[in-house]
Every structure is written in structure tokens, then in C-alpha cells.
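Working notes, structure below.
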Amino acid sequence: MGLRGFAYRLLTGEKSGQIDDCYRKMVAFDPRGANPYLEAVVRHARENVPHFRDLLANAPQDARAALATLPVLTKDIVRAEGDRMLAPKDPKWPRKPHKTGGSTAEPFQFLVDLHHQYWARAAELYIFREFLGLEPLGTPTVEMLQSREVWSVQRTNWRRNLARKVARWDLQQAFVMNEPHMRELVEALRRRRPVLIKTYIGSIYQLALYIREKNVRLPSHPRHIYCTSELVRPHMREVVEEVFQCRLTDVYASREGGPMAAQCEKGNYHILESNVTIEVLDDAGLPVEMGGEGNIILTCHHNFAQPFLRYSLMDTGALGGDVCSCRRRLPILKVLSGRVSDHFRTADGGVVHGQYFASQFFEKPWVRQFQIRQHGFHDIEFILVPSAQIPPDEVAGIEERVRWVMGAECRVKWTTVDEIPRTAIGKHHYTLCLIEKK
């Protein structure tokens, strides 16, 4: 483990033996054979969780066949079922509450056990070593945090502060991305000269635009940028990789499942099948043909306190059946097209990708930040943090393009604000569909 690792674990209380054991199991896992982790969690849920005990009473013994009989699990079902979603307490695996945050809904709270946390940390270690070629401890890193709550806790914990110094991780806040703070971030990059920047795409994209606009010169560039939790759109990747002159690696993760898929150097997302099973289903809950886009459904293999079997992440994407030229054996999540709420709905039952609306503001010098909301089938609102006066001819052109896809009767409202709040865990949603899905 080395002196640095020993000091870090001593300060954080992290159980390196358990995490390393999970990591070794991830490395040894062969996705072409039976999945013992899926089998274990399905068996556990069938025997110990009332909600799943009822649903799986007459299901086949084979884990994948049993899983296919389950209806899709949603946040509303989890809330309604309450304690019926929980397994009895196990003194070997302490549990604690986690919650997700959203722009339009109440926070969603659930339980995770220590077993799940070990595997989630092992997944981080796996991504660092197997996808980035880096060691998390000792690699000069700048982490830009988007959550004000997490930032406050981290900065006031002296043991965590000292542990970060040992690990050579520098913590910067990125929940306020105004010009004075972006100057501070640039100075931090000059001072630290990180090998890795770990952040959300929304923040690093804003910083990249600032660096390009101000013609800032950095004394060195990172080897990798590690993004997670937000959809990386092509224009954002292009700007960030051009400015920082390195590859951006995107990791598909959620609070419920932890790291679920990591992007390789060929651009494909590889599913960490030792930790999760990912399905892509249509709105009726049926499998979509390989390569077809649908709803991403998660089964988490290691949270025995509150198992998530066939759980809707409210994201959309597609599975890829090809073998990746990077030679990794892990299956491919070929397309990540965003959250379900990213896509806008038309009165005739159609869907317009949120990218269509968001692209109206790409590279516009007069907008610093934006969010687009659909309040009704014919009711669109643009919320902007402007950096200059909005040109009337651009307004007219954008409204015309909106009505071309949403209908001539579509109402477009423009709202200017000083700041667009992030979600409770620091995400920025560029597009939000606020129409309740029937």
C-alpha cells in the first residue's frame, strides 16, 4: 500500500483491504460467463425483501429469467412501498441514507450498505487504473465540486483536508461559475499543474469558454479530464478537449448505482457488469432491439440493504452489440442521449430531443448560461443568464425554429436571471420537460 496509502486510510478510516478485494474481483470478472453478483442480489431480494418476495414468488430460479419477469421499478413505487423495499438489518453491513436531488421533484432518499460503498469505491479505483492509467493516490488532481453542501462539509473536516494533501488532491468549488471565480480556478490550475481534473461537464465547459475567450495561457495541461453525472454533449467535448489539449473521459454514474459505465479511448461506454446490469427497454417495459434507443434500466448488484432491481434511471440510451476495438471485454452502452426530461414532447405523442433546443444557444456570445423548460405541449420557456444584450433578430430566428418542431401555436417565453440554480447534488439541467408523463 505504501506510506501515502497508509496515511490516507488512517486519516479517512477507509478499509483498503475490502476495497482492494472488490477491485481484484472486478479485474477477474468475465462478462461472457454467468454473473454471480447478479445471481446473489436477485436471490437475496427474493428471500429477504417483501416487495420482491411477492413479485418473484413464481419466477424462474435463473437470475436473468427472474429479472425479466419484474415490472420496471420507479421512484414513485419505492416511495409508496416504503419499508417493504428494505431487507432486515445486517450487523456486518451498516447502512446509511443517500439521496438524489432534482430540479423539479422532491429529493429521493434510499439506503445503501457498506458492502455497496466498498464496490462503488472499487469501481472508482478500476476506472482510474483500467481507463485512465492513473493511481488515485499521489496523482496531482484538481476536483471541482458542484455541490455547496458537500463543499461545506469537506472544507470544514480537518481530517479530510489533511487526507487530500496526502493524496495530492486539491478541492475547488464550481457551483458559482462567474468571472472572478473562474480567474481563481485558472490560478489554481497554474499553481497545481494537475495531471487530472475531475468535475462535471457543465463547469469545465464554462471554464474552457472563459479560457478561450480571455486567451489564457496555462503553463501545462492535464493528461485527463474526468467528467461524471451530466450528459457530455459533442460541442462541449470539442471545446474542452481543444482548450485543455487532452482527452475527456466521461463516466456514467448515479447515486443509486455508483459508477456504471466508463468511456474508453475509442469513445464507447463500457458497462461495469460486475457491479450493475443495464437493460434498455421501451415505454411498455419490453427490450429494445440492439442499437435501438430506449429507457435505461438499472439493476444494482451490491446494495443488499435496499436492492434496486429493474430500476428506471429516467435516462435514455442504446446498447451496442459490437466488440470494441479497445479490446475490453465489457459490454457497450453505445449511446447516452440524456435524461428523459431532456427530451420535449409534442401534442401528437412525438418526442423532440433536447439537443435540438440546447443547440440554439451553443457558441452564442450573448448568453453565459441557459436552461430551457417545457411547461406544456405549446409552452416553452428560455431562462438565460445573458452576457450581453440579446439580439432581436436572433430571438426571432430561435422562436421560428422552435415553432417549426413544436407547432405554429407554440408560445415562447424569455426570462433573464442572474443565476440558474443547480440541483441539490450540483447538476445543471440544460433542458427540462415539466409535463407529467402519463
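Counting the sequence shown from 1 gives a position; our numbering is that position plus 3.
For each residue, glycine too, the CB sits at the ideal point set by N, CA and C.
Got a sec, what are the start and stop residues for the alpha helix (DSSP H) residue i sits in?
i: Gln21; result: 19-31
i: Glu216; result: 204-216
i: Glu397; result: 395-409
i: Arg162; result: 161-170
i: Tyr314; result: No alpha helix (DSSP H) contains Tyr314, which is instead part of the beta strand (DSSP E) from 314-323.
i: Ile130; result: 117-130
i: His54; result: 53-58
i: Arg87; result: Run containing Arg87: none; DSSP gives neither H nor E here.
i: Ala66; result: 66-71
Who are the Cβ neighbours of residue i in its own chain at under 7 Å, not counting the five residues just before and after it?
i: Pro424; result: none
i: Arg87; result: Pro53, His54
Indicate whether residue i and residue j have their beta-carbon atoms separated by less than 8 Å.
i: Leu199; j: Ile274; result: no
i: Ser315; j: Thr72; result: no
i: Gly288; j: Val75; result: yes
i: Gly357; j: Ala321; result: no
i: Ala264; j: Tyr11; result: no
i: Gly297; j: Val279; result: no
i: Ile299; j: Val243; result: no
i: Pro395; j: Trp369; result: no
i: Pro225; j: Pro197; result: yes
i: Ser277; j: Phe32; result: yes
i: His304; j: Tyr40; result: yes
i: Arg332; j: Arg35; result: yes
i: Leu301; j: Ile281; result: yes
i: His54; j: Asn306; result: no
i: Phe347; j: Val338; result: no
i: Arg7; j: Gly141; result: yes
i: Ile214; j: Leu251; result: no
i: Val235; j: Ala211; result: no
i: Ala308; j: Leu114; result: yes
i: Asn51; j: Pro91; result: yes
i: Met293; j: Gly324; result: yes
Starting from the C-beta of residue i, find all residues in its chain whose C-beta is less than 6 Å away, skip the five residues before and the five after it, and write them out in chain order.
i: Phe373; result: Phe364, Leu387
i: Thr231; result: Val254, Ala256
i: Ile415; result: The identity of residue 415 in the sequence shown is Val, whereas the question assumes Ile. So the qualifying residues of the chain are Ile383, Glu402, Val405.
i: Ile393; result: Trp369
i: Glu84; result: His54
i: Thr15; result: Ala166
Once the 5 residues before and after residue i are set aside, which same chain residues still bring their CB inside 8 Å of it?
i: Ala59; result: The amino acid at residue 59 is misidentified as Ala; the sequence shows Leu. Answer for Leu59: Val45, Ala48, Arg49, Ala69, Thr72, Leu73, listed in chain order.
i: Lys18; result: Arg12, Tyr121
i: Asp421; result: Val388
i: Ile438; result: Arg348, Gln377, His378, Gly379, Phe380
i: Phe360; result: Phe347, Ile375, Ile383, Val405, Thr434
Going by DSSP, what residue range makes up the beta strand (DSSP E) through residue i?
i: Thr15; result: Counting along the chain, Thr15 falls outside any beta strand (DSSP E), though it belongs to the alpha helix (DSSP H) covering 5-15.
i: Glu146; result: 144-148
i: Leu435; result: 434-436
i: Val415; result: 414-419
i: Ile228; result: 227-231
Is residue i near the ligand NAP, with its Cβ less than 7 Å from a heavy atom?
i: Val235; result: No copy of the ligand NAP appears in this structure; indeed no ligand is present at all.
Report task. Please specify which runs of the beta strand (DSSP E), each continuous and at least 3 residues long, are wholly inside the segment 238-300, giving them in chain order. Result -> If we require 3 residues or more, the beta strand (DSSP E) runs fully inside the segment 238-300 come out as 250-257, 261-266, 272-274, 279-284.
Requested in this report: Let me know the alpha helix (DSSP H) ranges lying completely inside the segment 179-205, each 4 residues or longer, listed in chain order.
Outcome: 182-195
**Report entry** Contained beta strand (DSSP E) runs [length at least 3] in the segment 330-392, N- to C-terminal order
**Finding:** The qualifying runs are 335-342, 370-379, 382-389.
**Report entry** Contact between the segment 186-195 and the segment 128-145 (3+ Cβ pairs under 8 Å)
**Finding:** yes
**Report entry** Segment contact, 8 Å Cβ cut-off, at least three pairs: the segment 28-40 with the segment 121-140
**Finding:** yes
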